[in-house]
Amino acid sequence: PRRARRIPPHVLVNWAVQIARGMLYLHEEAFVPILHRDLKSSNILLLEKIEHDDICNKTLKITDFGLAREWHRTTKMSAAGTYAWMAPEVIKSSLFSKGSDIWSYGVLLWELLTGEVPYRGIDGLAVAYGVAVNKLTLPIPSTCPEPFAKLMKELRSREEELTRAALQQKSQEELLKRREQQLAEREIDVLERELNILIFQLNQEKPKVKKRKGKFKRSRLKLKDGHRISLPSDFQHKITVQASPNLDKRRSLNSSSSSPPSSPTMMPRLRAIQCKLSAVPRGLLC
1 PRRARRIPPH VLVNWAVQIA RGMLYLHEEA FVPILHRDLK SSNILLLEKI
51 EHDDICNKTL KITDFGLARE WHRTTKMSAA GTYAWMAPEV IKSSLFSKGS
101 DIWSYGVLLW ELLTGEVPYR GIDGLAVAYG VAVNKLTLPI PSTCPEPFAK
151 LMKELRSREE ELTRAALQQK SQEELLKRRE QQLAEREIDV LERELNILIF
201 QLNQEKPKVK KRKGKFKRSR LKLKDGHRIS LPSDFQHKIT VQASPNLDKR
251 RSLNSSSSSP PSSPTMMPRL RAIQCKLSAV PRGLLC
């Protein structure tokens, strides 16, 4: 069996700083700032080989960006990562932010300082529940240097960051609602224009009136129901409004439990159509 390797404190500090600088680059300095969303010890690798048990002057690399998302996009995403490294808001509502990456960094820092696996021996679902309701936290060792103990406490206190993330999410949801409303209004405007064009075209056509068979009998007006006008026969609509046949399946953005909260469902794309009278059965609406 491989013997445990003791890592000198100055190396641990160097590694913690390297990881922090890497996350700062991802959040603030990258061309497209991103959230890692799965920061944990197993995703931190050493660039150089370890020879003769020499672990000094090694370069750490943050890996596994399969769950990463661009920071400028919505912070409301599907669940990702591992429960032990997840922030409470991630487990409860899949709300990712810079703050959730900072929380994961705090767990990773705890691993560096203790050399232990977080929540060892506790079932994964129990960890998820305990972290989500703030009933389960990683104890800060009494032997931990005061600066590191203070840092880990600060990493767990992220009210300002969470508030900022929640406000940003709300702003994005309102923007999406406004866009949907604008699209719905545009559809109505386009439909109104199409109807006006069709009505204008129909008005340009001269009506074709069939000649009356027989003679008009005024005596029939003196009958009991002679003052009533009967409904027209063989009446046909020349214009109809139908959903566009192009299979425009625009659905509301609330199509899954991991997407932003409900917003108005998008109305189908409607089109005004002029009916061909030869294709319409008599007495039926188009």
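Numbered per full-length UniProt numbering, the sequence shown finishes at 286, counting up by one with no gaps. In this text, a Cβ means the ideal position worked out from N, Cα and C, and glycines have one as well. Since we're looking at a predicted model, the values are computed, not measured.
Quick check on the DSSP output: the beta strand (DSSP E) that includes K61 runs from which residue to which? For K61, the enclosing beta strand (DSSP E) covers residues L60 to I62.
First through last residue of the beta strand (DSSP E) which encompasses T114: That residue, T114, is in no beta strand (DSSP E); its alpha helix (DSSP H) goes K98 to T114.
Which listed residue (D53, R6 and F65) has its alpha carbon closest to that of G22: It is F65.
In the DSSP assignment, find the unbroken beta strand (DSSP E) run with A272 in it and report its ends. L270 to Q274
Pull the bridge partners of V241 from the DSSP assignment, please. A272
By how many angstroms is the C-alpha of E48 removed from the C-alpha of R156? The alpha-carbon atoms of R156 and E48 are separated by roughly 32 Å.
Segment limits, beta strand (DSSP E) that includes residue 340: Look at the range of the chain in this structure, 1 to 286, and you will see that residue 340 is not part of it.
Boundaries of the alpha helix (DSSP H) in which N134 is found, first to last residue: First-last for N134: undefined, no H or E at that position.
For N134, count neighbouring C-beta atoms within 10 Å of its own C-beta (all shown protein chains included) and say buried if the count is 16 or more, exposed if not. exposed
Could you give the uninterrupted runs of the beta strand (DSSP E) lying entirely in the region 6-48, keeping only those of 3 residues or more? 44-46
Best match in N57, K58 and G99 for proximity to R37 [C-alpha to C-alpha]: Checking every option, the nearest Cα to that of R37 belongs to G99.
C-beta atoms of L12 and L112 nearer than 7 Å: yes
Assess contact between the region 87-105 and the region 24-44, defined as three or more Cβ pairs (one per stretch) separated by less than 8 Å. Is contact present? Cβ pair count under 8 Å is three or more, so yes.
Pick out whichever of M152, I199, Y25 and Q172 has its Cα sitting closest to the Cα of L108. M152
What's the gap between the Cα of K208 and the Cα of Q274? 18 Å
What's the call for Y25, buried or exposed, on a 16-neighbour Cβ count within 10 Å? exposed
May I ask you to list the residues that DSSP assigns as paired with D54? According to DSSP, D54 bridges with E51.
Would you give the residue range spanned by the alpha helix (DSSP H) that E154 belongs to? E146 to R156
Under three-state DSSP, which class holds E205? coil
Is the beta carbon of K238 sitting closer than 7 Å to the one on L202? Cβ distance < 7 Å, so K238 and L202 count as in contact.
Give every residue of the same chain whose Cβ lies closer than 7 Å to the Cβ of C56, excluding the five residues on either side of it in the sequence, and list them in chain order. V11
Please name the residue in G124, G115 and I62 whose C-alpha comes closest to that of I91. The option with the nearest alpha carbon to I91 is G124.
Tell me the rounded alpha-carbon separation between K170 and I188. 27 Å
What's the C-alpha gap between residue 295 and Q182? Here the chain comprises residues numbered 1 to 286, so residue 295 is not present and cannot be evaluated.
Of all the options I140, F96 and F148, which has the alpha carbon lying nearest to the alpha carbon of N14? Nearest C-alpha to N14 among I140, F96 and F148: F148.
Please classify I19 as buried or exposed, where buried requires at least 16 other C-beta atoms within 10 Å of its C-beta. Label assigned to I19: buried.
Could you name the residues of the same chain whose beta carbon sits closer than 7 Å to that of I140, not counting the 5 residues immediately before and after it, in chain order? A149 and M152
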